[in-house]
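Asker: To convert, note that position 97 of the sequence shown is 287 in the numbering used here; the numbers rise steadily by one, no gaps. We put the CB at the ideal spot given by N, CA and C, even for glycine.
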Amino acid sequence: MHRPRAGSRSGSARSGRGQARGYRSRVLLGGHCSGGIRKALDNAHGFGMDAVQLFVQSPRAWRFPEHDPADLEAFRAQREELGIGAVTVHALYLLNLASPKDDFYEKSVTTLRSTVDTACAIGADAVVFHVGSHLGSGFEAGLERVVPALAQALERCSDTTWLCMENTAGTGGTIGRSLDELAALYEALDRHERLGVCLDSCHLYASGYDVTDPAELDKLVREFNRQIGLDRLRCLHVNDSKTPLGSNRDRHDNIGDGLMGEKLGVFLGHPKLQGLPALLEVPGSGHGPDAEQMKKLRELYARATKRSGRKPGMKARRPAARGTRG
191 MHRPRAGSRS
201 GSARSGRGQA
211 RGYRSRVLLG
221 GHCSGGIRKA
231 LDNAHGFGMD
241 AVQLFVQSPR
251 AWRFPEHDPA
261 DLEAFRAQRE
271 ELGIGAVTVH
281 ALYLLNLASP
291 KDDFYEKSVT
301 TLRSTVDTAC
311 AIGADAVVFH
321 VGSHLGSGFE
331 AGLERVVPAL
341 AQALERCSDT
351 TWLCMENTAG
361 TGGTIGRSLD
371 ELAALYEALD
381 RHERLGVCLD
391 SCHLYASGYD
401 VTDPAELDKL
411 VREFNRQIGL
421 DRLRCLHVND
431 SKTPLGSNRD
441 RHDNIGDGLM
451 GEKLGVFLGH
461 PKLQGLPALL
471 EVPGSGHGPD
481 AEQMKKLREL
491 YARATKRSGR
501 KPGMKARRPA
511 ARGTRG
């Protein structure tokens, strides 16, 4: 399947769907849905989601399926029919692009390439991935593994499908525990025009960023804009945390049940974070977000925007159109 090179600057990056999605005045509330390419959109629609995240392979196995081209085309058509505003593909959790073990590293690189190809084929807006862990070899050694791996994946991205690094909770030798680490990777890849970031509220909290404190969140947003650029922030994961601030433990909790509680709305309602898909990954009924969690998310967002004096229809500053360097 032919697709533009990742570094190309075709007109679609400026005038197509990507640009329209860059100028929204409120977050697109949604979540991770099971069912893969064939059923995730049905599930998202049933829960009243404006955005959806999905896997395009089993999250527990390396084997990558041969998707029927008819299913890929049907996904694109159904998305338009249902009016789903944003689609994010989450890469396999098993990936470790920083692994010093050659066999594991090669499997990770191959799987990420296949994931990007499929995401482009269904017209997804982003592929979110965990960079991985250097397993004790050190950040610099890990970076030397990650950079060529991501360069390969970025070459396969289309004008409207980006690759997005997700920040981590800071467990072990994981890469991406801080803005400094994300920025270092971003710079090592020459600020690639298809490389973005997904910020997870639980991971931020666990790694020591108190996103429940308005002043601290303002500071984080300013620092992100200085080091990377808000135009590179492409989606949010909105999860409560079972573990305390700075615990470095990745334990998501349902909306309202974790330690962030009502103050998770500080993150969700921040004016500089509007216009992005805000995705739940919480346990729900054990199979991902459910209708009750979506209801709680919508109510939390309504309260948060009311407290901030911002109505959902008010304009917030949004990044430049896709296809420009940050």
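1. Where do the N-terminal and C-terminal ends of the alpha helix (DSSP H) with Val337 fall, by residue?
2. For the beta strand (DSSP E) that contains Gly221, what are its first and last residues?
3. In three-state DSSP terms, what is Met504?
4. On a CA-only basis, which of Leu325, Ala311, Gln268 and Asp258 is nearest Ala288? Give me that one, please.
5. Could you check the C-alpha separation between Ala518 and Leu344 for me, to the nearest Å?
6. Given this structure, state the Cα-to-Cα distance separating Glu371 from Glu452, to the nearest angstrom.
7. Identify the residues that DSSP records as bridge partners of Gln464: which are they?
8. At 3 residues or longer, what runs of the beta strand (DSSP E) sit wholly inside the segment 235-289?
9. For the alpha helix (DSSP H) holding Arg520, just list the boundary residues, first then last.
10. Report the three-state DSSP secondary structure of Ser323 (helix, strand or coil).
11. Take the Cβ of Ser224 as the centre, count every other Cβ of all protein chains shown within 10 Å, and call the residue buried at 16 or more, exposed below.
12. Closest by CA to Gly446, which one among Leu435, Asp403, Phe457 and Asn429?
13. Taking contact to mean 3 or more Cβ pairs, one atom from each stretch, closer than 8 angstroms, check whether the segment 295-302 and the segment 234-245 are in contact.
14. Which same chain residues, not among the five before or five after Ile365, have their C-beta less than 8 angstroms away from its C-beta?
15. Between Pro479 and Cys392, what straight-line distance do the alpha-carbon atoms span, to the nearest angstrom?
16. Going straight from the alpha carbon of Ile227 to that of Ala276, what length do you get?
17. Let me check one thing: in DSSP terms, what residues is Ser437 bridge-paired to?
18. In the segment 336-399, which residue ranges form an unbroken alpha helix (DSSP H) of at least 4 residues, counting only runs that do not cross its ends?
19. Run through DSSP, which three-state label would Ala314 get?
20. Could you compute how far the alpha carbon of Lys291 sits from the alpha carbon of Pro404?
21. Measure the CB-CB distance between Gln483 and Gly221 and report whether it falls below 9 angstroms.
22. In whole angstroms, what is the alpha-carbon distance linking Arg266 and Lys432?
23. Please report the residue range of the alpha helix (DSSP H) in which Arg416 lies.
24. Would you identify the three-state DSSP class for Gly478, choosing helix, strand or coil?
25. Kindly give me the distance between the Cβ atoms of Asp160 and Trp352, rounded to whole angstroms, as I take these residues to be in contact under 8 angstroms.
26. Please say whether Ile418 and Ala468 have beta carbons closer to each other than 9 angstroms?
Answerer: Based on what the coordinates show:
1. Phe329 to Glu345
2. Leu218 to His222
3. With a pLDDT of only 41 at Met504, under the threshold of 50, the placement of this residue in the model should not be trusted; the figure read from the coordinates follows. Three-state result, Met504: coil.
4. Leu325
5. In the structure as shown, the chain starts at 191 and stops at 516, and residue 518 therefore has no counterpart that could be examined.
6. 29 angstroms
7. Note: Gln464 sits in no beta bridge, so no partner.
8. 241-244 and 276-280
9. Outside the displayed span of the chain (191 to 516) sits residue 520, for which this structure offers no information.
10. strand
11. exposed
12. Asn429
13. no
14. Ala288, Val321, Gly322, Ser323, His324, Phe329, Gly332, Leu333, Val336, Thr358, Glu371 and Leu375
15. 15 angstroms
16. 14 angstroms
17. Paired residue(s): none; Ser437 is not in a bridge.
18. 369-378 and 391-396
19. coil
20. 42 angstroms
21. yes
22. 36 angstroms
23. Pro404 to Gln417
24. strand
25. Missing from the structure shown is residue 160; the chain here goes from 191 to 516 and no further.
26. no
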